[in-house]
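Worksheet: the structure to be examined is printed underneath.
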Amino acid sequence: MGSDAPFHLARIESLNQALQMGIFPVKVHPSLAYSYGYGVGIFYPDFFIYLPAVLRMAGCSLEVSYKIYIFILLLELFVSMYVCVRKKTGDIHLALAAGTLYLFSYPVIDGIFKSFTLAQTQALVFLPLALMGMVLFVEKDEFPWMLGIGFTGLIYSHALSTAIALVLCFVLLVFQLPKWIGKKKKWLYLLTAVAGVSGITVSYWGPMLEQMKAQSYRVSQPWTHVSKNVLALHSALGKSGVGIAILLLSCLAICAFVWNRPCKSWSGAGYFIGGIFLILLTTNQGFWKIFEKVFDILQFPGRLMGAASVLLIFAFAVIFTKNQSCVKWKNLSLGCILVLSVVSGLFYWKGNEMPVRENWDNRNICEEIAGIGAGEEWLPAVTTRENLQQPGIVVSNSGKSYIGEFQGRELVVRLKKEDAPYQLPLVWYKGYHAETEDGSAGEINRRGSDGLVELTDISEKDAVVRIWYLGTPFQKICYIINVCAAGTILFIVLTARHRKRAMAQ
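Structure follows, in structure tokens:
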């Protein structure tokens, strides 16, 4: 499969296993990292893959669960772009064309069928909503619901895509400064939206920041550098870019803008410049080399192609709808666009010789697939795969080994007080808990040498000890805030709808 296939399929399967153990929400996936437990749920949002995980619980195969999820994802991608363009232009046919263009764009096809960048592709659903939401916030005197929905979805999809969207929205705000800087109402709307999004997503970013404060992770030791992954110009304009259809149509649109400037689609020209700038930026090794320390976490400049696709589609739609010569031949033009989109997508598919996909249902997640990703980013900085080779084996301070048994989410083992401390076969994240048969808690710490869980002491001389990831008090506070924020937003929405209906009557 694609480069990220083992990682994301392991996330889905291990999430299913964790749910069957009665764990919810799942922050540490017990079956990953060779059963040492991997805190991928803390750092990589699991929100949208609960669907395929629940389908697995219902008896669907991993393949079928994934295909259902992807079908819904493709529908979301189309609807997202359709809604944005329809809201901006008011043209239903143009919105349909834009949705089709987006669906057959190279970043979407590559992310789903080749590179398997599942979280990044999920983020492409919300990127148009965030960017268009910011545009409409500046242009209209109304609450930025679209902006809030966009960033909520981005945060629950992919952290890096959220950062890209934040930068682009900031640039949009700066360029439109005169339209909003002096309006107190817009400031109030923006701050309220930020507070709402922060509250409804705190269950993700709150625990993540807590864990990052507790220890350093291998993400701080990048396995690749952004300057080494720049694209060649022909690749950025070709098979590694946004797609032939988007590039061609946006270029034709900007030519129409230059030829017929009375159409006044200056915002469309701005989107075009932004999209082309992002494409060219992926090829500029000098830029990435200079700012490598700042942008190294991006890893691959090609991640910007999704945002470039969105901006170029916006450029095409805005210029097209305001250009009278385009409107005159609208039906013929839109028909050609639909055909071109499909042909472009099929050309990409054929040109990349998509391989037949392997059925992963018979693979053993715990033994064959570590599920920790190529960069192993969310292991503690001192932990390596070599430290994860004895699942279920507890080692005492004197070197004596005890065989533990995994019973659901718990590691159960009989230990002696005099042999403490014990090295447990678990990767340490803040929130592990140990308990003996009489309910007494054991003392849990992190081993500095390998980043594994250490049981420092137990209350009884000879006791059966159960160890599991319980979570932290701060996590529970974040969940409460999240639920309260969601309830408040729902109440406000329902109240607003009720008032609107009452005024209409």
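The opening residue of the sequence shown carries number -9 in the numbering used here; numbering runs sequentially from there.
For glycine and all other residues, C-beta sits at the position ideal for the given N, C-alpha and C.
On a predicted model such as this, the values are computed, not experimentally measured, just so you know.
- A contact between stretches requires three or more CB pairs, one per stretch, nearer than 8 Å, and the stretch -7 to 12 meets this requirement with the stretch 98 to 109.
- For the options Ala307, His215 and Ala155, the alpha carbon positioned closest to that of Ile280 is the one of His215.
- Our two residues, Ala113 and Ile287, have alpha carbons roughly 17 Å apart in a direct line.
- The count of Cβ pairs closer than 8 Å, one atom from the stretch 125 to 138 and one from the stretch 70 to 86, reaches three, so the stretches are in contact.
- Gly172 counts as exposed, since fewer than 16 other C-beta atoms from the protein chains shown sit within 10 angstroms of its C-beta.
- Looking at the backbone, the Cα of Ala222 and that of Asn274 are separated by about 9 Å.
- Using a Cβ distance threshold of 8 Å, Thr373 and Glu200 do not count as a contacting pair.
- The beta carbon of Leu158 sits closer than 7 Å to the beta carbons of Leu121 and Ala297 from its chain, once the five residues preceding and following it are set aside; these are given in chain order.
- DSSP places Tyr261 within a helical segment (H, G or I) once states are collapsed to three.
- Proximity of the stretch 28 to 43 to the stretch 186 to 201 meets the contact definition, three or more beta-carbon pairs being nearer than 8 Å.
- Around the beta-carbon of Cys245, fewer than 16 other beta-carbon atoms lie within 10 Å, marking it exposed.
- Beyond the five residues adjoining it in sequence on each side, Ile263 comes within less than 7 Å, by CB distance, of no other residue in the same chain.
- A contact is defined here as three or more CB-CB pairs under 8 Å, and the stretch 386 to 394 fails this definition with respect to the stretch 225 to 236.
- As a beta-bridge residue in DSSP terms, Asn435 pairs with Glu444.
- Ile327 counts as buried, since no fewer than 16 other beta carbons sit within 10 angstroms of its beta carbon.
- Per the coordinates, the alpha-carbon of Phe68 lies some 5 Å from the alpha-carbon of Gly89.
- Contact check for Tyr26 against His19 fails: the beta carbons are separated by 8 Å or more.
- Pairwise C-beta distances place the stretch 437 to 450 out of contact with the stretch 177 to 196, as fewer than three of them are shorter than 8 Å.
- Leu144 is positioned such that its CB atom lies no closer than 8 Å to that of Ile303.
- Under a 10 Å Cβ-count criterion, Ser21 is classified as buried, with 16 or more other Cβ atoms of the shown protein chains found around its own Cβ.
- Here DSSP, grouped into helix, strand and coil, assigns Thr426 to strand.
- With contacts defined as CB atoms closer than 8 Å, Tyr459 and Tyr419 qualify as a contacting pair.
- Note on geometry: alpha-carbon atoms of Trp135 and Ile60 lie some 26 Å from one another.
- The beta carbons of Ser331 and Ala235 sit about 5 Å from each other, so the pair counts as a contact at 8 Å.
- In the DSSP assignment, Tyr412 falls within the beta strand (DSSP E) that extends over Tyr412 to Val417.
- Here Glu367 is buried. Its C-beta has 16 or more other C-beta atoms within 10 Å.
- Excluding the 5 residues flanking it on each side, Tyr72 has same chain C-beta neighbours closer than 8 Å at Ala85, Leu86, Ala88 and Gly89, in chain order.
- One alpha carbon belongs to Ala23, the other to Leu378, and they sit about 7 Å apart.
- DSSP places Ile393 within a strand segment (E or B) once states are collapsed to three.
- Secondary structure of Asp(-6) (DSSP, three-state): coil.
- For Leu64, the closest alpha carbon among the candidates Thr152, Asn435 and Val115 is that of Val115.
- Setting aside the 5 residues that flank it on each side, Ser439 is surrounded in the same chain by Val372, each with a C-beta closer than 8 Å to its C-beta; the list follows chain order.
- Residues Leu294, Met295, Ala297, Ala298 and Leu301 of the same chain have their beta carbon placed closer than 8 Å to that of Leu268, with the five preceding and five following residues left out of the count.
- In this structure Gly432 is not in contact with Leu442, their Cβ atoms being roughly 15 Å apart against a cut-off of 8 Å.
- Between Gln465 and Gly421, the CB-CB gap stays under 8 Å.
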